[in-house]
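Asks:
Given below as structure tokens:
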């Protein structure tokens, strides 16, 4: 049995680490009433289908297990590659030590209360996220936001298009930011991915800021509407959009984001959708001549070195164009560019108050 001293030491070490919130695997209604700060609740019964909410596998993870499945959850996570570094088990000893450390938040929930009232109470409390956005986006976001603020009136709402949004981590992370009010249009060919995007956004309280659109971008740059659900498909066919009449294609954005997705014939459309002074951020797989990897295969899904710079440099000021390795060791070309405004280069930087992104001056 863990002693109070060792339990307190473990909690203290976790609190003073930079590992982020604790993963609480207890049922949500129990988490409502008594939770560790900071923590995020994903009930153990939902863990397998909610793994997209978890942090990168390389980061140390703290876990709170329900008393009735002690050891099961941590084994599941470890077997799938997560770095489970701290494990706590639901117990009165844990709450006692947690109260001494000031990391327990408790509210009284009457079991006779309407569950929706309880959910409303929970929705107004502070929430934390375990998931992380694309590292290249995270590293450059302060510069992007400062640049946009310098060009616009205070309290302007900015718009982002997230192409092939996946589970929506980048979209939700953007909408959670406090320095700027972001609204995101998230598109993906997979309706299951859009379901996860909405679920993630709802869980962190930003669903009202995210619009999801089922869209398949074809290899020729055309845009198609994939089947929403099997029962929604008429005559077994998808519907071809007229590119001039699709709502999201008719708009322009302050940030166009495309992570781990490549459709070269769509580059022209992406270029037109960026506002003058707005940003284009791409981070996707590349043949760098150094690293060998199996997936994705072929030139269709892999950039060539220098390809993005060559295509976009006439209309965009290329700020960063670098090769990075993602968590599993595969190389990606991470590219950040700002659409030209027509101002001379020197005058443009005066407006920006000489704030440069990392590596711009080197």
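Residue numbers (full-length UniProt numbering): 1 to 362. For glycine and all other residues, C-beta sits at the position ideal for the given N, C-alpha and C.
(1) I need the DSSP call for residue 47, collapsed to helix, strand or coil.
(2) From 210, 321 and 64, pick the residue whose C-alpha is nearest to that of residue 198; which is it?
(3) Which residues mark the beginning and the end of the beta strand (DSSP E) in which residue 6 is found?
(4) Does the structure place the segment 292-301 close enough to the segment 198-208 that three or more beta carbon pairs sit under 8 Å?
(5) Note down the Cα distance separating residue 83 from residue 180, rounded to an integer number of angstroms.
(6) Less than 6 Å between C-beta atoms, sequence neighbours within five positions excluded: which residues of the same chain meet that for residue 265?
(7) Compare the C-alpha of residue 287 against each of 218, 45 and 324 and name the closest.
(8) One question on the structure: do residue 196 and residue 167 come within less than 7 Å of each other, judged by their Cβ atoms?
(9) What is the DSSP secondary structure of residue 115, reduced to helix, strand or coil?
(10) Quick one: grab the DSSP three-state call for residue 41.
(11) Quick check: the segment 136-151 against the segment 66-75, are there 3 or more CB pairs under 8 Å?
(12) Indicate whether the contact test is met: 3 or more Cβ pairs, each with one atom in the segment 252-266 and one in the segment 275-287, closer than 8 Å.
(13) Measure the alpha-carbon distance for residue 313 versus residue 268 and round it to whole angstroms.
(14) Between residue 94 and the rest of its own chain, which residues show a CB-CB distance below 6 Å, the 5 nearest in sequence each way excluded?
(15) Does the Cβ of residue 92 have 16 or more other Cβ atoms within 10 Å, making it buried, or fewer, making it exposed?
(16) Tell me which residues share the same chain as residue 262 and place their Cβ nearer than 6 Å to its Cβ, disregarding the 5 neighbours each side in the sequence.
(17) Which stretch, first to last residue, makes up the alpha helix (DSSP H) that contains residue 312?
(18) Span of the alpha helix (DSSP H) holding residue 364?
(19) Between residue 136 and chain B, is the shortest Cβ-Cβ distance under 7 Å, so that the two count as touching?
(20) Enumerate in chain order the residues of its own chain whose CB-to-CB distance from residue 308 is below 7 Å, with the five nearest sequence positions on each side excluded.
(21) Report yes or no: do three or more beta-carbon pairs, one from the segment 46-57 and one from the segment 2-16, lie closer than 8 Å?
(22) Return the CA-CA distance between residue 194 and residue 164, expressed in angstroms with no decimal places.
(23) Given a cut-off of 7 Å on the beta-carbon distance, is the pair residue 37 and residue 107 in contact?
(24) Name the residue from 23, 127, 4 and 260 whose alpha carbon lies nearest to the alpha carbon of residue 330.
(25) So is residue 170 buried or exposed if we call it buried at 16+ other beta carbons inside 10 Å?
(26) If you count every other CB in all the chains shown that lies within 10 Å of the CB of residue 68, and 16 or more means buried, which is it?
(27) Which one of 304, 291, 315 and 98 has the shortest CA to CA distance from residue 273?
(28) Tell me where the beta strand (DSSP E) around residue 144 begins and ends.
(29) Just to confirm the assignment, what range does the beta strand (DSSP E) spanning residue 172 have?
(30) Can you list, in chain order, the residues of its chain with a C-beta nearer than 7 Å to that of residue 217? Leave out the 5 residues immediately preceding and following it.
(31) By DSSP's criteria, residue 181 is part of a beta bridge. Which residues make up the other side?
Replies: Taking the definition as stated:
(1) Coil, per DSSP.
(2) That would be 210, whose Cα lies nearest to the Cα of residue 198.
(3) Per DSSP, residue 6 belongs to no beta strand (DSSP E); it is in the alpha helix (DSSP H), 4-15.
(4) Counting Cβ pairs under 8 Å, fewer than three are found: no touch.
(5) Going by the C-alpha atoms only, they are around 33 Å apart.
(6) Closer than 6 Å at the Cβ level, and outside the excluded window around residue 265, lie 220 and 221.
(7) Ranking 218, 45 and 324 by Cα distance to residue 287 puts 324 first.
(8) The answer is yes: Cβ separation under 7 Å.
(9) Unreliable positioning characterises residue 115 in this predicted model, as indicated by a pLDDT of 48, which lies under 50. A coordinate reading is not provided.
(10) In the structure shown, residue 41 falls within a strand segment according to DSSP collapsed to helix, strand and coil.
(11) Taking a cut-off of 8 Å for Cβ pairs, the segment 136-151 and the segment 66-75 do not touch, as fewer than three such pairs fall below it.
(12) Enough Cβ pairs lie closer than 8 Å, so yes.
(13) C-alpha separation (whole angstroms): 12 Å.
(14) Excluding positions up to five away in sequence, the list reads 88.
(15) Residue environment for residue 92: exposed (fewer than 16 other C-beta atoms within 10 angstroms of its C-beta).
(16) 284 and 301, listed in sequence order.
(17) DSSP places residue 312 in the uninterrupted alpha helix (DSSP H) bounded by 307-312.
(18) As displayed, the chain neither begins before 1 nor continues past 362, which places residue 364 out of reach and without an answer.
(19) Chain labels in this structure do not include chain B; a single protein chain is all it has.
(20) In the same chain as residue 308, and ignoring 5 residues on each side of it, the C-beta atoms closer than 7 Å to its own belong to 282, 321, 333 and 335, in chain order.
(21) Counting Cβ pairs under 8 Å, fewer than three are found: no touch.
(22) Their backbone Cα atoms lie some 10 Å apart in a straight line.
(23) No. Outside cutoff.
(24) Out of 23, 127, 4 and 260, the CA that lies nearest to the CA of residue 330 is found in 260.
(25) Residue 170 comes out buried.
(26) Counting Cβ neighbours within 10 Å, residue 68 comes out exposed, since fewer than 16 surround it.
(27) Of the candidates 304, 291, 315 and 98, the one whose C-alpha sits nearest the C-alpha of residue 273 is 315.
(28) Element bounds for residue 144: not the beta strand (DSSP E) but the alpha helix (DSSP H), 135-151.
(29) First-last for residue 172: 169-176, but that is the alpha helix (DSSP H), not the beta strand (DSSP E).
(30) Excluding residues within five positions, the ones whose Cβ falls inside 7 Å are 223, 263 and 266.
(31) Among the bridge pairs identified by DSSP, residue 181 is matched with 157.
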